[in-house]
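With the working numbering applied, the sequence shown covers 1434 to 1571.
Cβ atoms here follow ideal geometry from the backbone N, Cα and C, with glycine treated the same way.
Computed from a predicted model, the values in this text were never measured in an experiment.
Written out below as structure tokens is the structure these notes cover.
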Amino acid sequence: MECVFCAIATGEADGHRVFEDEAVVAFLDARPLFPGHVLVVPRRHAETLTDLPPEQVGPFFLRVQRIAGAVERGMGAAGSFVAANNRVSQSVPHFHVHVVPRNRKDGLRGFFWPRGRYASEEEAAAVAARVRAALEGP
């Protein structure tokens, strides 16, 4: 079975990319908690954090840190939720970190959160553009 995140990383599958370089690809979650919910994945397949080669951990999380700041700025959020599952609740067996824009009283409680969809491809493209633009800023 082919990995959907690998397919997005190689360009074989579509994804609303917000960032990519030699180490990572970051794109909008297709079922976001809130607009601007980004997934950051290592470009090379690793099923879990513990499968990520040690020399890639630091560079990977430096990119997560940068993207978290961009999501907050791009979405006008007060903060962000940054999390990863390892196997349990990992819907795609390719290590990924969720970067979710957060605001006080946004309705998220615990770990049972309702997921949504973007109203259209145009809305998703506009949200991806906002995060990309924030990555290019200061």
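Buried or exposed (CB count within 10 angstroms, at least 16 for buried), residue i
i     : result
L1495 : exposed
A1567 : buried
E1505 : buried
A1516 : exposed
D1462 : buried
V1490 : exposed
A1442 : buried
Proximal residues to residue i (C-beta, below 8 Å), its chain only, five neighbours per side dropped
i     : result
D1539 : F1467
C1436 : H1478, V1525, P1526 and H1527
R1563 : G1469, G1507 and M1508
A1561 : H1449, R1450, V1451, F1460 and L1461
A1440 : A1446
Cβ separation of residue i and residue j, assumed to be a contact under 8 Å, to the nearest whole Å
i     : j     : result
S1513 : R1535 : 6 Å
T1481 : R1520 : 6 Å
R1537 : A1511 : 6 Å
Neighbourhood of residue i by C-beta, 7 Å cutoff - its chain only, sequence neighbours within 5 removed
i     : result
A1558 : H1449
V1473 : V1457, A1459, R1496, V1497, I1500, H1529, V1530 and V1532
F1438 : V1474, V1525, H1527 and H1529
Contact set for residue i: own chain, Cβ-Cβ below 6 Å, skip 5 residues either direction
i     : result
R1565 : V1451
Evaluate the contact criterion for the segment 1482-1492 versus the segment 1549-1558: three or more CB pairs, one atom per stretch, below 8 Å. no
What are the uninterrupted segments assigned as beta strand (DSSP E) that are 3 or more residues long and contained completely in the segment 1465-1504, given in chain order? Every beta strand (DSSP E) stretch that sits fully inside the segment 1465-1504 and reaches 3 residues is listed by chain position as 1471-1475.
Please determine if the segment 1493-1513 and the segment 1445-1453 are in contact, where contact requires at least 3 C-beta pairs separated by less than 8 Å. yes
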